[in-house]
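From first to last, the protein sequence lines stand for chains A and B.
Quick note: the first sequence uses my numbering, first residue 793, plus one each step.
Quick note: the second sequence uses my numbering, first residue 18, plus one each step.
By construction, the Cβ of each residue, glycine as well, lies at the ideal position given by its N, Cα and C atoms.
Just below is one structure, and these are the notes that go with it.
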Amino acid sequence: DGGITQSPKYLFRKEGQNVTLSCEQNLNHDAMYWYRQDPGQGLRLIYYSQIVNDFQKGDIAEGYSVSREKKESFPLTVTSAQKNPTAFYLCASSARDRVNQPQHFGDGTRLSIL
Amino acid sequence: GQQLNQSPQSMFIQEGEDVSMNCTSSSIFNTWLWYKQDPGEGPVLLIALYKAGELTSNGRLTAQFGITRKDSFLNISASIPSDVGIYFCAGRDPGSSNTGKLIFGQGTTLQVKP
């Protein structure tokens, strides 16, 4: 089945540690996105990528980094510079053959501090 | 930056009742999307709207793209317990058509009493 796979489901970070969240899609979508969700809030955009080897900062990019070496993969690294990383992280993708294509989401990774 | 105001923030209703929620924007959008999120999962697309005045149904769900292009509503008729979850509106402004970026409302938490 086509879809977006995020792993792991749960992740714990120690002080000063970088952690990487995986996002893989087999929908052949060009565009991919990373969001952060905090309780009682909407989704906030961290980074997005419209094409391989290219990505742009979203609204809250500080303390995060991404790469887009393959069309199907868009990993997110939460660096030690992100002082409040505890949140639910969502990856999404969308087609770009029609510019108004909606985004489709993975099932998220919950990151907590040890 | 742009903001979406989604209301109500939460609703607690009796099974069988109808539900209405809405989103308003400070600027015009050319796409409105409605998503539902179950606990611990990613949002799932319910309805997509692309033209001002458009009214679209998906089973017991009905959504409309406001004629001013600055608002949208979602109605759920004859609610059932599995309607429980968080409902998000999302909009795309004309300037973001190339990037596919969305702006999300803060969500409406729906609880249904059997």
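Residue i, enclosing beta strand (DSSP E) - first and last residue
| i | result |
| --- | --- |
| Lys130 (chain B) | 125-130 |
| Asn39 (chain B) | 36-42 |
| Gly102 (chain B) | 102-109 |
| Ala65 (chain B) | 61-66 |
| Ser799 (chain A) | 796-799 |
| Arg86 (chain B) | Here Arg86 (chain B) belongs to no beta strand (DSSP E), and DSSP marks it neither H nor E. |
| Asn22 (chain B) | 21-24 |
| Asp846 (chain A) | 846-849 |
| Gln893 (chain A) | It is not in any beta strand (DSSP E) - Gln893 (chain A) carries neither H nor E in the DSSP assignment. |
| Val842 (chain A) | Residue 842 (chain A) is actually Gln in this sequence, not Val. Run containing Gln842 (chain A): 835-843, per the beta strand (DSSP E) assignment. |
| Leu803 (chain A) | 802-805 |
| Ser904 (chain A) | 901-905 |
Contacts around residue i, its chain only, beta-carbon distance under 7 Å, and the 5 residues preceding and following it disregarded
| i | result |
| --- | --- |
| Ser859 (chain A) | Pro867 |
| Ile843 (chain A) | Asp822 |
| Gly33 (chain B) | Ala95, Ser96 |
| Arg888 (chain A) | Asp822, Ala823, Gln842 |
Counterpart residues of residue i in DSSP-defined beta bridges
| i | result |
| --- | --- |
| Ser74 (chain B) | B:Thr79 |
| Phe29 (chain B) | B:Gln128 |
| Ser865 (chain A) | A:Glu816, A:Lys862 |
| Ala823 (chain A) | A:Ser886 |
| Phe46 (chain B) | According to DSSP, which records beta bridges pairwise, Phe46 (chain B) is partnered with nothing at all. |
| Asp55 (chain B) | Answer is none; Asp55 (chain B) lacks a bridge partner. |
Minimum C-alpha distance to residue i - residue among the options
| i | options | result |
| --- | --- | --- |
| Thr41 (chain B) | B:Asp35, B:Gln20, B:Pro56, B:Thr73 | B:Gln20 |
| Thr125 (chain B) | B:Ile97, B:Gln81, B:Asn39 | B:Asn39 |
| Gln26 (chain B) | B:Ser113, B:Ile103, B:Leu91 | B:Ile103 |
| Gly70 (chain B) | B:Ala95, B:Ser24, B:Phe90 | B:Phe90 |
| Ala853 (chain A) | A:Asn845, A:Lys863, A:Leu837 | A:Leu837 |
| Trp826 (chain A) | A:Arg805, A:Ser904, A:Gln809, A:Tyr856 | A:Tyr856 |
| Asn845 (chain A) | A:Glu861, A:Arg888, A:Lys801 | A:Glu861 |
| Val101 (chain B) | B:Gly108, B:Gly76, B:Gln31 | B:Gln31 |
| Asn22 (chain B) | B:Ile120, B:Pro131, B:Gln128, B:Val129 | B:Ile120 |
| Gln54 (chain B) | B:Gly117, B:Asn115, B:Ser114, B:Ala107 | B:Ala107 |
| Ser872 (chain A) | A:Phe804, A:Gly834, A:Pro800 | A:Phe804 |
| Ile64 (chain B) | A:Ser841, A:Pro894, A:Asp899, A:Leu813 | A:Pro894 |
| Gln809 (chain A) | A:Val870, A:Asp899, A:Pro800 | A:Val870 |
Residues near residue i by beta carbon distance below 8 Å, same chain, minus five either side
| i | result |
| --- | --- |
| Ile45 (chain B) | Thr85, Arg86, Lys87, Asp110, Pro111 |
| Met28 (chain B) | Val36, Met38, Thr125, Thr126, Leu127, Gln128 |
Contacts around residue i, its chain only, beta-carbon distance under 6 Å, and the 5 residues preceding and following it disregarded
| i | result |
| --- | --- |
| Gln817 (chain A) | Ile796, Glu864, Ser885 |
| Leu813 (chain A) | Leu868, Tyr881, Thr901 |
Inset, instruction - Inspect the CB distances between the stretch 81-93 of chain B and the stretch 48-55 of chain B and report whether three or more fall short of 8 Å. - result: yes
Legend entry - Inter-stretch contact at 8 Å, needing at least 3 Cβ pairs: the stretch 872-885 of chain A / the stretch 86-101 of chain B: They do not touch, by the three-pair rule.
Legend entry - Inter-stretch contact at 8 Å, needing at least 3 Cβ pairs: the stretch 899-906 of chain A / the stretch 872-879 of chain A: yes
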